[in-house]
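Enquirer: Before we start, here is the structure in question, set down as structure tokens.
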Amino acid sequence: MAERRAECTWKRHVLDQLKLRDRIQRQTFEEIIHQYNHLLEKSDFQTVLTERYQADKYDVQRGHEAGPVEAGRSDALLQEMAQMRIRHQEELTELHKKRGELAQSVIELNNQIQQKDKEIQSNEARMSELQQQISSLEGDCRELISSLQDLERANQTLKDEYDALQITFSALEEKLRKTTEDNQELVSRWMAEKAQEANRLNAENEKDTRRRQARLQKELADAAKEPLPIEPDDDIEVLPEDGSKAEGETSPSRGLSRISRKSSQAPPAGLLDSISNIFGRRRSTNSFSSSPESTETQSGMCAEVRVPSTALHVFEAHDGEVNAVRFSPGSRLLATGGMDRRVKLWEVIAGRCETKGSLTGSNAGITSIEFDSAGSCLLAASNDFASRIWTVEDFRLRHTLTGHSGKVLSARFLLDNARIVSGSYDRTLKLWDLRSKVCMKTVFAGSSCNDIVCTEQCVMSGHFDKKVRFWDIRAESIVRELELLGRVTSLDLNHDRTELLTCSRDDLLKIIDLRTNAVRQTLSAQGFKCGADWTRVTFSPDGSYVAGGSADGALYIWNVLTGKVERILDRNHNSAINAVSWSPSGTYVVSVEKGSRAILWSDV
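Mapping to our numbering: the sequence shown position 238 is 335, numbers consecutive.
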């Protein structure tokens, strides 16, 4: 239906244009046609006159033949006819002249008509183009009007939402203020109660100490009053009157003296119990925990570093990418963290990694792992903006530290194990106190933090802007900065914390002497390529070697002394190596990859 209507429209338009052209051309040629008709009338009149003259001539000739009477009248008639012929000839000449002029005018007018026709055609083509443009512009205008209406509605909706959020924010701000005041009041009350409880405990401890000392003095006095049987042939060593020393202690000069009591009587049980209580309590205060990890820590010291050469155990560590790996201080346990939101513990037995358990609670992939110095707790950073601490023995989640506004890429224990430092994608570093479970300090670093290492009073952080920053924990300020040639992906300290190992995206590893703040060694290799912004490298336990994984799945071992590659292991990984850990005993190296695989290496 629309096509038929469009066809009728253009036909009507063509008909109107033809009528207009006919009207214009008729006005142009109307005068020419009138003159031409006038000429035709005169030509017809001339023809009639000519015929009359021919007839008159014929009659005259007949009259001459008839007689001389009419000769005079015929002469007069001939003269009149001659004059009329001359006059008509002149008129005919003038008419021919006008005809020529009119013909020339007709030619010129025809040329003008052709030019006008061409102009009309070009104008019609241009009009059609402009009509199409008008149609498209009208469509665009309708679309813009529709978009404007949608934007106005969306703007009104956003404005309403903003007003509602502003009201909610005001209410929450008021609630926060009241909650803060209540919290301050509760903290004050809690601190007062803690102080009172501490005073009560101190008073009870003092009373207990006084009672114990009084009982000990009484037992010592009773023991001194009891007689001891002495035989003549016994050797007796006279001790000084300082009775506070234990019975078994002797001076160095008398270390070879012999004391023998053949029939000596044992001291009273109460005295021995009191002495054992005092010294036993003192030992329990200063001694380490007797957990398996503490025993492992003593037995896991580095005896000799072995450069790995063989893959002892290749195993699937996680469901997906494995980002982090770390040995426990005793080298018996191994922890891995992956994108499946789990930290898995493995026990290294006879060159194999046997699964021991999983630590759950994270809501996103694990980015960093570290054990505390005793090996009893494990700290992990996560992509869900939080850091978490588990106890290794019972796999229980103990602390969840939230406060960052971006992915937490690294978290480390300080040397006292009571504080940790975390670095995040939100360009901040946070210092946490595990006793109060609060953030003590927040420092804005200016760039995303990829890794952290700590000494006693200094925190070193590697950043996306190619800089290593050194922070004073007490002053919350940057002590100094060191700029590398690529984004910093990893930091590690040697065993005596005098050298810092860095890895960056320019595929270079640098060893920095922290005593002189100078680069001591630059390590590189043909084919080594840093595969990600979180690729981790590590020192060997004695600091004589460096291990790092490449984007092609090869494990590189460098000799720190020579700066050259000691060994390349490139047969077992199928994807880029994300992290490497060297066991504190120096026996094993573990590497994890972007796939789900982990490999235990040694020199066996």
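Where is the CB? At the ideal position from N, CA and C, for every residue including glycine.
In the DSSP assignment, what residue or residues form a beta bridge with F468?
Expert: L475
Enquirer: If you measure between the beta carbons of D569 and C555, is that distance less than 8 Å?
Expert: yes
Enquirer: To the nearest angstrom, report how far apart K195 and Q132 are at their CA atoms.
Expert: 9 Å
Enquirer: Is the separation between the beta-carbon of S558 and that of A542 shorter than 8 Å?
Expert: yes
Enquirer: Rounding to the nearest angstrom, what Cα-Cα distance links I129 and Q122 in this structure?
Expert: 11 Å
Enquirer: Alpha carbon to alpha carbon, what distance is there between S682 and D593?
Expert: Within the model, the alpha-carbon separation for D593 versus S682 is close to 15 Å.
Enquirer: Using the C-alpha atoms, what's the distance from S601 back to N614?
Expert: 18 Å
Enquirer: Could you spell out the range, first to last residue, of the beta strand (DSSP E) harbouring H496?
Expert: 494 to 499
Enquirer: Is it buried or exposed, I231, if we count other Cβ atoms within 10 angstroms and call 16 or more buried?
Expert: So I231 counts as exposed.
Enquirer: Between R423 and the rest of its own chain, which residues show a CB-CB distance below 7 Å, the 5 nearest in sequence each way excluded?
Expert: A432, I466, E467, F468, S678
Enquirer: Taking only runs that begin and end inside the stretch 282 to 333, name each unbroken beta strand (DSSP E) of 3 or more residues, in chain order.
Expert: none
Enquirer: With DSSP as the reference, label W50 as helix, strand or coil.
Expert: Residue 50 falls outside the range modelled here, since the chain spans only 98 to 701, and no answer is possible.
Enquirer: What is the DSSP secondary structure of T539, reduced to helix, strand or coil?
Expert: strand
Enquirer: Are the stretch 401 to 420 and the stretch 686 to 693 touching by the rule of at least three beta carbon pairs closer than 8 Å?
Expert: yes
Enquirer: Along the chain, where does the beta strand (DSSP E) that runs through G434 open and close?
Expert: 430 to 435
Enquirer: Which two residues bound the contiguous beta strand (DSSP E) that contains D569?
Expert: Run containing D569: 564 to 569, per the beta strand (DSSP E) assignment.
Enquirer: Given this structure, state the Cα-to-Cα distance separating D491 from R532, to the nearest angstrom.
Expert: Near 20 Å, if we compare the C-alpha coordinates of R532 and D491.
Enquirer: Would S702 and V419 qualify as a contact pair, given that the criterion is a beta-carbon distance under 8 Å?
Expert: With the chain running from 98 to 701 in the structure shown, residue 702 is simply not present.
Enquirer: Tell me whether the beta-carbon of K626 lies closer than 8 Å to the beta-carbon of A648.
Expert: yes
Enquirer: In this structure, how does DSSP classify V634 when only helix, strand and coil are distinguished?
Expert: coil
Enquirer: Determine the closest residue to D214 out of D119, A477, L227, H560, with distance taken between C-alpha atoms.
Expert: D119
Enquirer: So what does DSSP say about L590, is it helix, strand or coil?
Expert: strand
Enquirer: I need the DSSP call for N614, collapsed to helix, strand or coil.
Expert: coil
Enquirer: How far does the beta strand (DSSP E) with T576 in it extend, from its first residue to its last?
Expert: A quick correction: the sequence has Val, not Thr, at residue 576. Start and end: 574 to 580.
Enquirer: State the DSSP-derived secondary structure class of S244, mapped to helix, strand or coil.
Expert: helix
Enquirer: In whole angstroms, what is the alpha-carbon distance linking T190 and L117?
Expert: Answer to the nearest angstrom: the Cα atoms are 38 Å apart.
Enquirer: Considering Cα atoms alone, identify which of K527, T684, S459, W655 is closest to G448.
Expert: Comparing Cα-Cα distances from G448 to each of K527, T684, S459, W655, the minimum goes to T684.
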